[in-house]
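As they're listed, the protein sequences go chains D and R.
Residue 75 is where the first sequence starts when you use our numbering, and the numbers rise one by one after that.
Residue 46 is where the second sequence starts when you use our numbering, and the numbers rise one by one after that.
Note that CB positions come from ideal geometry on N, CA and C, so glycine has one too.
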Amino acid sequence: MNKPRLATIALGGCEGCHISLIDAHEGLLELLGMVDLVESPFTDGDGTIPPCDVLMVEGAVTNEADERRLLAAREAAGTLIAVGSCAVMGGIGGLRNLYTAREAIADVYGADKPGEGLPPLTSSVKAVSQVVDVDISVSGCAPKTVQIVDAIKAAVAGEAYDLPRKNLCDECHRTKSKLLEHSADFVTDSVYSIMELDTIDPDLCFIEQGILCMGAMTREGCGARCTAANVPCRGCSGPSRTDFEQGAKTIDALAAVLPAGALMYLDDLIGTGYRFSMPVSVIPAAYDHGGDEDV
Amino acid sequence: MIMEVMRMSEVVRLPALKRIEGHGRISLFMDDGGRIADAHFDVTEFRGFERFLEGRMVWEMPLMTSRICGVCPVSHHLGAVKAVDAMFGVKVPRAGRLLRELLHLAGIAQDHALHFFFLAGPDFLTGDGAGSRDILGLVAGNPKMATDAIALRKAGQRIVQIVGGRASHPVAAIPGGMSKGVDQAERIEMLGLARAALPTAMEAATTARDAVRRLHETHESYGFAPMPMMAQMSDDRTFNVYDGTIEVMGEDGALMERFDATEYMDHIQERTLANSYAKAPYLTSRGPETGSYRVGPLARINMSDFMGGPRADGLLDEFHRDFGRPFHGILAYHWARMIELVASIERMVAILEDDEILSDVTRVKVERGGGVGIAAIEAPRGTLIHHYEADDVGRVTKANLIVATTNNTASLNASVLEAVTGMDREEATSEAAIRKMELGIRAHDPCLSCATHDIGKMPLTVEIVASDGTILDSRGVE
């Protein structure tokens with residue numbers, strides 16, 4: 075009996091999702107026994123995706139070469155799994171969309187910018203679903219190993235795979251008290267970074283400690299490892315439902331409980347609220363309208 | 046392998062160079078006589094971190110820059126946090142420092158194991174009979190080695206997860222120290238993992254030594270071009286990946302320069318390359334033509350007098366006895382990397398045996414502010430420098446990162462050119478030539494995800510460029 079054919083491809087990103095897959099350790103051997111791995115960054119093929127039953131895509135579309143490779147891979151694949159927040163939402167590299175491609179290159183490389191012979195950047199960074207149809211999405215930066223493996227196994231078996239829909243607070247161990255009281259006052263007098271706290275309370279909700287935590291705006295399923303490690307959530311799994319903007323939701327949710335002025339002045343609502351989801355959001359990307367001057 | 050030369054600028058599909066972290070491209074330039082006269086290893090994608098880090102809060106840098114690389118996120122996480130510590134003049138408590146070093150060593154251990162066994166190793170570990178020169182070939186042809194590799198990676202990633210909070214893109218290093226400590230149960234688990242990994246790592250070092258000796262026989266003097274080397278190390282020249290002073294060793298082994306990371310701009314300049322998003326750093330004292338240098342395991346092993354543990358010290362002596370000092374042969378990167386694996390594990394054991402590791406004083410409180418913060422760390426692939434400037438509320442106004450692979454740009458180019466210099470078009474794209482270029486590139490373990498933090502993913506293609514700039518032939522996949 076022929077085994078299902080699996081291929082994996084890495085577009086613009088950090089390869090961390092492939093590393094998370096390899097972190098299955100012995101489980102990787104088990105997976106390799108279940109499928110024929112016909113192409114991946116870690117095998118010796120020529121980089122083109124041959125016909126396959128399941129395709130894992132890591133990374134966002136950042137240049138025209140990514141776009142061509144993705145379109146060709148979509149043609150070759152049965153079930154396409156977008157893995158990681160770059161593939162699902164554009165990811166952290168999507169913050170480039172705060173600027174036009176020309177601005178970003180000019181700023182990093184100055185006047186003597188490279189360019190000749192390099193694949194042109196797309197005018198904005200795009201999620202995989204903004205270019206081709208996606209069958210299964212596994213967000214997270216990076217998703218937990220078990221999430222990636224389970225999604226691949228589900229796809230191989232022809233089954234659906236859905237991430238949980240609640241927000242991170244649901245699986246976070248921290249307790250809320252002031253947030254649950256009916257009060258006209260903010261829960262703290264200012265907004266802090268965790269480094270500014272005398273002690274970081276390991277069990278109290280970060281919001282109540284005056285810390286901008288993205289848990290309430292973020293999909294659960296990651297195991298709330300960051301808040302368990304005494305560090306606030308930064309929203310890498312994206313919104314728990316796709317029908318709201320993660321960054322706008324952040325402002326909406328937190329302005330009621332944290333001092334709004336301090337939020338705006340002492341923290342970075344754009345870079346935190348939209349850190350992993352800028353390309354799938356409506357605001358606040360910059361658009362290059364062509365011509366010499368941006369409109 | 047079927048190979049045919051197609052018309053100008055048409056793409057011929059050939060096995061592209063993979064099994065590097067990220068994807069790149071080789072451009073071969075021909076002289077008027079149709080012979081290869083120059084070669085570049087290009088980085089072809091741009092992600093723009095240095096631009097979009099501006100405007101972010103500086104204490105978020107450890108969480109954001111770790112996303113530059115999924116292979117060595119720990120290095121960026123710690124490089125960034127050290128730079129922010131420097132900006133705020135923080136002295137990290139001893140337990141916090143030990144935990145960070147432990148985190149870094151575990152990250153290096155898993156990374157070195159990944160590269161040696163899964164990425165580069167298949168070129169010379171699986172033998173000619175293997176079905177494929179990759180992880181699948183290794184699993185099929187040498188299952189013991191595959192399980193060793195998995196065991197080493199598993200130990201490293203588990204320790205990263207315990208200390209850093211997550212295996213992928215860890216989070217626990219914050220300005221001032223660590224957000225949390227470890228408890229006795231975790232310490233015992235980590236100590237068990239590290240001790241059990243040591244014999245496996247020793248075997249890997251023997252395998253690497255034998256492989257390098259064999260490679261030197263089959264490839265004679267390939268990759269011996271002398272170049273200065275750079276690494277950050279302890280004052281007594283003990284292998285130290287977490288901090289120290291940056292030193293540059295000349296081609297003859299003499300100390301050329303010694304400076305604190307904060308002075309890097311006086312010693313290193315970067316130039317932009319045509320056709321590549323990677324920048325090429327060089328030593329200011331030498332200038333762009335002759336100022337290139339090497340970093341990474343080969344540099345560190347050449348420059349270290351001690352490795353900090355008895356087993357690794359024995360291996361270091363053997364390396365220096367075998368090759369003399371300095372030794373410039375790039376194929377020895379593989380052996381150097383495995384000696385570092387042993388040293389990293391020995392150092393992890395030593396840290397975990399120190400009772401201070403259980404202290405709950407892992408951080409100090411840090412007040413926000415602005416200024417300049419610069420720090421260096423030895424990443425798996427070499428010296429990594431993070432440089433931030435921030436305004437009074439802590440918003441980043443400038444970010445500059447010099448990553449390990451970028452430091453090796455010139456050495457990568459030299460190893461590609463040496464493999465094919467003087468060849469005509471046909472010879473240069475023969476299977477033997479491509480394999481040799483691959484061997485040279487992989488010895489460095491280039492990480493293109495890091496290489497411009499601006500780069501990304503293109504499978505490797507080879508371009509043949511005529512003296513008038515016309516692209517004659519392009520092989521691989523776009």
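Any idea what DSSP makes of residue i, helix, strand or coil?
i	result
Thr-335/R	coil
Ala-196/R	helix
His-432/R	strand
Asn-171/D	helix
Val-522/R	Note that Val-522/R has pLDDT 34, beneath the 50 cutoff, so the model's placement of it is unreliable and the number below is only indicative. Looking at Val-522/R - three-state DSSP - the assignment turns out to be coil, as it is neither helix nor strand.
Asp-127/D	strand
Gly-418/R	strand
Phe-74/R	strand
Ala-230/R	helix
Arg-293/D	strand
Tyr-235/D	coil
Thr-136/D	strand
Met-352/D	helix
Pro-326/R	strand
Arg-356/R	helix
Keeping to the same chain, check which residues put their C-beta closer than 7 Å to that of residue i; ignore five residues upstream and five downstream.
i	result
Gly-101/D	Val-223
Arg-232/R	Leu-397, Ile-402 and Leu-403
Ala-478/R	Ala-464, Val-465, Met-468 and Glu-472
Cys-246/D	Gly-289, Ala-298 and Thr-301
Arg-170/D	Ala-178 and Val-199
Ala-370/D	Because chain D in this structure spans residues 75 to 369, residue 370/D falls outside the shown range and cannot be described.
Gly-298/R	Arg-370 and Pro-371
How long is the line joining the alpha carbons of residue i and residue j, rounded to whole angstroms?
i	j	result
Ile-113/R	Ile-357/D	24 Å
Cys-91/D	Glu-294/D	18 Å
Trp-380/R	Arg-254/R	5 Å
Met-275/R	Asp-236/D	48 Å
Pro-125/D	Val-116/R	28 Å
Ile-96/D	Gln-155/R	11 Å
Leu-337/D	Val-331/D	10 Å
Val-406/R	Ile-285/D	21 Å
Gly-182/R	Glu-385/R	26 Å
Gly-133/D	Gly-165/D	8 Å
Met-272/R	Gly-152/R	28 Å
Leu-340/D	Thr-192/R	49 Å
Glu-146/R	Gly-210/R	15 Å
Met-75/R	Phe-86/R	15 Å
Met-247/R	Met-190/R	13 Å
Val-205/R	Ile-268/D	21 Å
Glu-138/D	Gly-87/D	15 Å
For residue i versus residue j, is the C-beta spacing smaller than 7 Å?
i	j	result
Val-137/R	Gly-222/R	yes
Gly-359/R	Glu-391/R	no
Met-393/R	Leu-150/R	yes
Met-352/R	Leu-361/R	yes
Arg-248/D	Asp-207/D	no
Gln-314/R	Ala-421/R	no
Glu-471/R	Val-286/R	no
Gly-345/D	Thr-324/D	no
Ala-435/R	Val-103/R	yes
Leu-602/R	Asp-179/R	A question about residue 602/R goes unanswered here, because the residues of chain R that appear run from 46 up to 523.
Met-109/R	Ala-249/R	no
Val-293/R	Ala-377/R	no
By Cβ distance, which residues of its chain are closer than 6 Å to residue i, with the 5 residues on each side in sequence left out?
i	result
Pro-333/R	Arg-316 and Tyr-327
Asp-437/R	Gly-415
Ser-351/D	Met-163, Gly-312 and Gln-320
Gly-374/R	Gly-268 and Phe-269
Ala-239/R	Ile-390, Met-393 and Val-394
Thr-82/D	Ser-114 and Met-130
Gly-341/R	Arg-426 and Gly-427
Gly-152/D	Asp-127
Ser-224/R	Ala-217
Once you ignore the five residues that flank residue i on each side, which residues in its own chain have a CB closer than 8 Å to its CB?
i	result
Glu-587/R	Residue 587/R lies beyond the range of chain R shown here (46 to 523); nothing can be said about it.
Please report the Cβ distance between residue i and residue j, rounded to the nearest whole angstrom; I am assuming they are in contact, meaning their Cβ atoms lie under 8 Å.
i	j	result
Gly-214/D	Cys-287/D	That pair is no contact at about 17 Å.
Leu-159/R	Arg-203/R	With 8 Å as the limit, Leu-159/R and Arg-203/R do not qualify as a contact, their Cβ atoms being about 14 Å apart.
Pro-491/R	Leu-457/R	6 Å
Pro-333/D	Asp-263/D	7 Å
Pro-220/R	Val-129/R	4 Å
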